[in-house]
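Novice: Have a look at this one before I ask anything.
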């Protein structure tokens with residue numbers, strides 16, 4: 018059986034924000050978000066609270082990406098690209 | 270004349286290293302993984318050794334060589350540790366398990382302890398020019414081995430997933446390797462071509478790193 022790599026918190030944050038970005042700021046149902054992100058619901062709620070506190074999303078009950086959130090996704094992708102170029106592995 | 274060129278190149282190298290430090294810290298900042306801290310630590314140490322070199326070469330013309338030997342020693346040790354920090358980052362970047370995280374923390378602690386001990390040891394006894402020359406060759410050969418490991422690691426990483434973007438860094442490390450090899454040659458025969466090769470190749474190495482860093486962070490920004 019193929020083992021699924023464990024994601025760290027930053028990767029989960031990025032995945033969550035990327036899902037919100039792909040929704041184009043439309044209202045997202047939390048259960049759908051949970052399915053797409055593949056995390057337990059209580060954990061999802063914790064992540065949403067943390068992201069709101071960091072200013073990366075607005076309103077954790079109906080999350081929408083903020084400007085800072087968009088910047089985070091962009092910066093995260095840049096860092097991954099940089100690490101790839103540097104010959105560093107990241108999982 | 271040569272000393273002035275050398276001081277200028279040391280200063281430029283230090284500035285380049287400190288600019289690179291800002292980029293090298295980003296993987297640690299964004300992932301929160303301490304195994305990436307070796308990269309900024311390595312480039313930080315490297316930059317600091319170039320500052321020390323510039324200072325020593327400047328002072329060499331002002332005073333006798335003997336009092337500067339200890340500073341030369343410290344610079345030798347710090348530079349080798351800089352390469353060690355970079356190499357362990359590469360080594361641990363491929364093993365993100367709980368066990369490897371623990372080994373990483375132990376390795377980092379041991380390295381820092383070893384660095385402090387080495388610096389304390391060289392600052393206590395009187396250093397002779399003869400012992401310094403022997404130590405210098407040992408450190409240079411150690412640097413060559415460490416950089417060779419980094420070259421192999423980055424090349425293997427490129428071969429696993431070939432991409433034109435990932436070839437520049439292994440090539441840059443090869444340039445650094447040749448530069449260190451030239452340094453060893455310069456110590457043996459004192460040839461001017463080896464002397465300039467060391468400095469020019471080092472600048473090329475750092476320029477490639479800067480180019481790659483700017484491409485990764487600023488070209489992406491333009492495209493967004």
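Protein chains in written order, with the numbering used here: chain A, 18 to 108; chain B, 270 to 493.
Every residue gets a Cβ at the ideal spot worked out from N, C-alpha and C, and that includes glycine.
On a predicted model such as this, the values are computed, not experimentally measured, just so you know.
Taking Cβ-Cβ distances below 8 Å as the criterion, which residues of the segment 83-108 of chain A are in contact with chain B?
Specialist: Cβ contacts with chain B: 91, 92, 93, 94, 95, 96, 98, 99, 100, 101, 102, 103, 104, 105, 106, 107, 108.
Novice: Using a Cβ cut-off of 9 Å (strictly closer), state whether residue 81 of chain A contacts chain B.
Specialist: Within the first chain, residue 81 of chain A is the residue found at index 64, counting from 1. No, no contact with chain B.
Novice: Does the CB of residue 423 of chain B have a neighbour CB from chain A at under 9 Å?
Specialist: Position 154 of the second chain, counting from 1, holds the residue named residue 423 of chain B. It does: the Cβ of residue 423 of chain B has a partner Cβ on chain A nearer than 9 Å.
Novice: Measuring alpha carbon to alpha carbon, tell me which residue in B:348, B:439, B:344, B:280 is nearest residue 359 of chain B.
Specialist: Stepping through the second chain from its first residue, residue 359 of chain B is reached at position 90. The residue with the shortest Cα to Cα distance from residue 359 of chain B is B:439.
Novice: I want to verify the contact list: residues of chain B whose CB lies under 9 Å from the CB of residue 25 of chain A, in sequence order.
Specialist: Start at 1 with the first residue of the first chain, and residue 25 of chain A comes out as number 8. Within 9 Å Cβ-Cβ: 300, 301, 302, 365.
Novice: Could you check which residue in B:362, B:366, B:357 has the C-alpha nearest to that of residue 377 of chain B?
Specialist: Taking the second chain and counting its residues from 1, the one referred to as residue 377 of chain B is at position 108. Ranking B:362, B:366, B:357 by Cα distance to residue 377 of chain B puts B:357 first.
Novice: Chain A partners of residue 434 of chain B, CB-CB under 9 Å?
Specialist: Walking along the second chain from the start, residue 434 of chain B turns up at place 165. The contacting residues are 98, 101, 102.
Novice: Going straight from the alpha carbon of residue 97 of chain A to that of residue 68 of chain A, what length do you get?
Specialist: On the first chain, residue 97 of chain A is found 80 positions in, with the first residue counted as 1. On the first chain, residue 68 of chain A is found 51 positions in, with the first residue counted as 1. Residue 97 of chain A and residue 68 of chain A: Cα-Cα distance of roughly 20 Å.
Novice: By a C-beta neighbour count over all protein chains shown, 10 Å radius and 16 as the cutoff for buried, is residue 410 of chain B buried or exposed?
Specialist: Mapped onto the second chain, residue 410 of chain B falls at position 141. By the 10 Å Cβ count, residue 410 of chain B comes out exposed.
Novice: Quick one: any contact between the segment 289-300 of chain B and the segment 319-339 of chain B, if contact means 3 or more CB pairs under 8 Å?
Specialist: The segment 289-300 of chain B, when compared against the segment 319-339 of chain B, does not touch it at the 8 Å Cβ threshold.
Novice: Can you list the residues of chain A that residue 292 of chain B reaches, using a CB-CB cut of under 8 Å?
Specialist: Position 23 of the second chain, counting from 1, holds the residue named residue 292 of chain B. The contacting residues are 99.
Novice: Using the Cβ count rule (16 or more neighbours within 10 Å means buried), how would you classify residue 332 of chain B?
Specialist: For the purposes of this step, residue 332 of chain B is taken as residue 63 along the second chain, with counting starting at 1. Residue 332 of chain B comes out exposed.
Novice: Please confirm whether residue 340 of chain B and residue 408 of chain B have their CB atoms less than 9 Å apart.
Specialist: Position 71 of the second chain, counted from the first residue, corresponds to residue 340 of chain B. Position 139 of the second chain, counted from the first residue, corresponds to residue 408 of chain B. In this structure, residue 408 of chain B does not lie closer than 9 Å to residue 340 of chain B by Cβ.
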